[in-house]
Amino acid sequence: MRLWLLAVILCWLVAQTENKTHFGLFDGCVKKNLHMHESVCPGPPRFYFAFHRVLFDCIRHRTKCPRYHKYNDYDTLKECQKDCAELMVVPELSNSTASGNETKTDGQQKPTK
């Protein structure tokens, strides 16, 4: 009876995780998976969306390779933006680095132009 209950609980947990689009802390957005080279992949081109770490936005990619990575190849732009919304905030510069008046290590200020 306990073994049957354990099997049911494990199946339920697996079914719950299949519905998620990413695991862990933004795992689908920040994970960098490499695809094979275009010349190796046969077939028609397909388009998918992925999070770009420098632009802080989801961008469209084109490849001829089939879909290998389940959690970071998004079919639609809205789906990618929904999953990566918290990462799409552009970081702000702090006042000390943005003003240009930061000091050098010997205590002298940087020359201003």
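Heads up: the sequence shown is residues -19 to -1, 1 to 94, going by mature numbering (1 follows the signal peptide of the UniProt record, and there is no 0).
Backbone N, C-alpha and C define an ideal beta-carbon position, used for all residues, glycine too.
Query raised in the report: Beta-carbon separation of Asp54 and Tyr29 under 7 Å?
Result: yes
Query raised in the report: From Val(-6), Met17, Pro72, Arg48, pick the residue whose C-alpha is nearest to that of Leu36; which is it?
Result: Pro72
Report task. Determine, using beta carbons only, whether Leu58 and Cys10 come nearer to each other than 7 Å. Result -> no
Query raised in the report: Span of the alpha helix (DSSP H) holding Asp38?
Result: Note, Asp38: premise wrong, no alpha helix (DSSP H); beta strand (DSSP E) at 38 to 44.
Query - Cβ-Cβ distance between Cys61 and Cys46 below 7 Å - result: Contact annotation: Cys61 and Cys46 have beta-carbon atoms that are not nearer than 7 Å.
Query raised in the report: Roughly how many whole angstroms lie between the Cα atoms of Asp56 and Ile(-11)?
Result: Spanning the two alpha carbons is a distance of roughly 31 Å.
Query - Met17 versus Thr44 - alpha carbon distance - result: Approximately 9 Å, taken between the alpha carbons.
Requested in this report: Look up Arg(-18) in the DSSP assignment and say whether it is helix, strand or coil.
Outcome: helix
Query - Close beta carbons around Gly24, own chain, < 6 Å, minus the five adjacent residues each side - result: Excluding residues within five positions, the ones whose Cβ falls inside 6 Å are Lys45.
Query raised in the report: Under a Cβ-count criterion, where at least 16 other Cβ atoms within 10 Å of its own Cβ denotes burial, should Cys39 be classed as buried or exposed?
Result: buried
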